[in-house]
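Chains G and Z are the protein sequences, given in the same order. Our numbering puts the last residue of the first sequence at 324; the count rises by one with no breaks. Our numbering puts the last residue of the second sequence at 253; the count rises by one with no breaks. C-beta atoms are modelled at their ideal positions from N, C-alpha and C, and glycine is treated no differently.
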Amino acid sequence: MDGNIVGLPAGYRDFMFEDAESRRHIENEFASVFSSAGFREVIPSAVEYLDLYARGNQGIRERAMRFLDRDDNLLALRADFTPAVARIVAAHIREMPRPIRLWYSGPVFRKTDRHRGQYQEFSQIGAELIGGDPPAADGEILDIALQSLSRSGFPDACVHVNHAGIFRGLVNSLGLKESELAEVRSAIDRKDMRALGVRMEELGVNGSVRAQVNTLSRTVGDSRSLAAVASSIGNEESRDALASLESLASRLPRWRDRITFDLTEIDEMEYYTGVMFTFLSPAHSVEVGRGGRYDSLMREFGVDLPAVGFSFSMDRLGECE
Amino acid sequence: MKNRVLIALPKGRLYETGMELLGKAGIIIPPAAGGSRKLVFPDEEGRYEFVPLKPIDIPVYVESGTIDAGIVGSDVLRELEADVYEPVDLAIGICRMVLAAPSGAALPRGGSLRVATKYPRTTERYFRGKQLHVHIVKLDGSVEIAPLLGLADAIVDLVETGRTLRENGMHVVEDVARVSAKLIVNRTAMKMKSGDVRHLITQLDTVVYENPGQQN
Chain G
4 MDGNIVGLPA
14 GYRDFMFEDA
24 ESRRHIENEF
34 ASVFSSAGFR
44 EVIPSAVEYL
54 DLYARGNQGI
64 RERAMRFLDR
74 DDNLLALRAD
84 FTPAVARIVA
94 AHIREMPRPI
104 RLWYSGPVFR
114 KTDRHRGQYQ
124 EFSQIGAELI
134 GGDPPAADGE
144 ILDIALQSLS
154 RSGFPDACVH
164 VNHAGIFRGL
174 VNSLGLKESE
184 LAEVRSAIDR
194 KDMRALGVRM
204 EELGVNGSVR
214 AQVNTLSRTV
224 GDSRSLAAVA
234 SSIGNEESRD
244 ALASLESLAS
254 RLPRWRDRIT
264 FDLTEIDEME
274 YYTGVMFTFL
284 SPAHSVEVGR
294 GGRYDSLMRE
304 FGVDLPAVGF
314 SFSMDRLGEC
324 E
Chain Z
38 MKNRVLIALP
48 KGRLYETGME
58 LLGKAGIIIP
68 PAAGGSRKLV
78 FPDEEGRYEF
88 VPLKPIDIPV
98 YVESGTIDAG
108 IVGSDVLREL
118 EADVYEPVDL
128 AIGICRMVLA
138 APSGAALPRG
148 GSLRVATKYP
158 RTTERYFRGK
168 QLHVHIVKLD
178 GSVEIAPLLG
188 LADAIVDLVE
198 TGRTLRENGM
208 HVVEDVARVS
218 AKLIVNRTAM
228 KMKSGDVRHL
238 ITQLDTVVYE
248 NPGQQN
């Protein structure tokens, strides 16, 4: 540092006038959509026990900015909103009538690789619907997400939708050990279809299941492509998941042409239990947010409630405006 | 330009074979374009645009989405641990990444092995996987000379024929990884530019795997 008091540490930045105004504008638009839909704001503490991030959301704990308090407790700057929201529900509002509708906005902090041009502080804005069942709650949250994007200057925003149960159902019928499964998952995640085929064959996965994995790994399209997949899938969990995606689409006729079913994306599949969203801005060719259903997270906080939510990157939105 | 798929080509040992493979896949880059000083040039159809870059820079560009896709060696890709799709193993630029040491001298055991390499993260991962602790010295070139000069006991580096190793009095101790060139694709580009990106994937996949006779 050498006495450089006007400099910033690597990975941080200031937002000046126009940038600050554009972020404020986006936040206001989101806030107005959220509040007219009955969502109420929470401002979680900026500091948490590091152990908050031990649960579920993988990778976050390792990247959290950690420090010790007076009593040598291990603390972290907020590294993710969703666990904080889960904690808030468990701590303050267990008895509120369900479903509980919350929204939040603010900075999160994560360590990033050196010299990759990434920031270590970034801003998120999002909403969570806790205690609501699919498909109604999923439809409500997706509707709010697309509405708020549309209102804040992204009228062409679209969403890629998948369901964790489709692949999970299939995985259970693979009959593989956890380490073997990790290899299969990694090949799908890299979209390396040849390696996937070869590895499944080596592992002795039967031909019909292999064909189903291949079908899933190629399916991107509208409701018709879901129907095509459903007819070729042999297990009940996957078929139920496909059916719930169809029913989600039928609830949102207004957004029909904005929804693409992308069954190939299995990133973060361990974290989500149901529907999964990736929000995109075609005009800018960027991903602006993610979301999905995480029914097991609340249970870790002692409250057994289903939950679904999304969060947008304010930094991406601000850059696009 | 935002909507045309932008593809990074690796300068160096993969450049010519990469262009050749694209040509066989029906994506023809005019011969003049590669040699000219233009930074970005289109293929004949005007469907894609190409930008030659240093291989080590390609994963960062593609991960960030600044560039939609690229051709890059799996050595570089693993070293940078980039979060990108790798839909096609192009089966060009095949070689081995190996642990090599001076012939005739026993490798020190325990925690005192010093390894020189251009691939510190890959090397660290490899030895961690074997539950061995080593000291890694990161170098940028002529790694094989490090043991001769006494900077390290062994090296982790690429070998094609093994000739360089032999000339420097070294031998392969064990294989670390098989290396080959991959097509990599940005996660968002796969969704937002799916038509052209999928065309690229299918064409390359077909040329590599379904007409192996056409390959050299």
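Neighbours of Z:Asp-126 across chain G, judged by C-beta separation under 8 Å: Asp-195, Arg-197 and Ala-198.
Between the C-alpha atoms of Z:Val-174 and Z:Ser-231 there is a straight-line separation of about 42 Å. As the crow flies, the alpha-carbon of Z:Pro-184 is around 11 Å from that of Z:Leu-202. Assigned with DSSP and collapsed to three states, Z:Ala-119 falls in coil, not helix or strand. Between G:Glu-290 and chain Z, the shortest Cβ-Cβ separation is below 9 Å. Comparing alpha carbon positions, the residue from G:Met-196, G:Gly-200 and G:Ile-133 closest to G:Ile-96 is G:Ile-133. In the DSSP assignment, G:Gln-121 falls outside any beta strand (DSSP E), carrying neither H nor E. Straight through space, the alpha carbons of Z:Ile-65 and G:Val-212 are spaced by roughly 38 Å.
Between G:Asn-31 and G:Arg-257, the alpha-carbon positions lie close to 24 Å from each other. Among the residues facing chain Z, G:Pro-256 is not included, as its CB has no counterpart in that chain under 9 Å away. With respect to Z:Val-213, Z:Val-135 sits close: the two C-beta atoms are nearer than 9 Å. Measuring C-alpha to C-alpha distances from G:Arg-197 to each of G:Gly-292, G:Asn-217 and G:Asp-260 identifies G:Asn-217 as the nearest. By the Cβ criterion, the region 123 to 141 of chain Z is in contact with the region 190 to 205 of chain Z, since at least three pairs of Cβ atoms, one from each stretch, lie closer than 8 Å. In the three-state reduction of the DSSP assignment, G:Asp-265 falls in the strand class.
Contact between the region 47 to 56 of chain G and the region 83 to 102 of chain G is present, with at least three C-beta pairs closer than 8 Å.
When the five nearest sequence neighbours on each side are left out, the beta carbons in the same chain lying within less than 7 Å of the beta carbon of G:Met-203 are those of Val-187, Arg-213 and Val-216, in order along the chain. At least one CB atom of chain G sits nearer than 9 Å to the CB of Z:Met-227.
Of all residues in the region 161 to 172 of chain G, only His-163 place a beta-carbon less than 7 Å from a beta-carbon of chain Z. Using a Cβ-Cβ cut-off of 9 Å, G:Pro-285 is close to Met-229 of chain Z, given in chain order.
Sequence-distant Cβ neighbours of Z:Leu-144 in its own chain, meaning closer than 8 Å and more than five residues away, are Ala-138, Leu-150, Asp-190, Ala-191 and Val-210. Taking 9 Å as the threshold, the shortest C-beta distance from Z:Gly-107 to chain G does not fall below it. Nearest in C-alpha terms to Z:Pro-89, of all of Z:Val-109, Z:Gly-83 and Z:Met-229, is Z:Val-109. Using a Cβ-Cβ cut-off of 9 Å, G:Gly-142 does not count as an interface residue toward chain Z, since no Cβ of chain Z sits closer than that to its own.
The Cβ atoms of Z:Gly-130 and Z:Arg-50 sit closer than 9 Å to each other.
Exclusion of the five residues before and after Z:Ile-104 leaves Leu-43, Ala-45 and Tyr-98 as the residues of its chain whose Cβ lies within less than 6 Å of its Cβ.
Rounded to the nearest angstrom, the gap between the Cα atoms of G:Val-289 and Z:Tyr-122 is 16 Å.
Judged by pairs of C-beta atoms under 8 Å, the region 141 to 151 of chain G touches the region 254 to 268 of chain G, as three or more such pairs exist.
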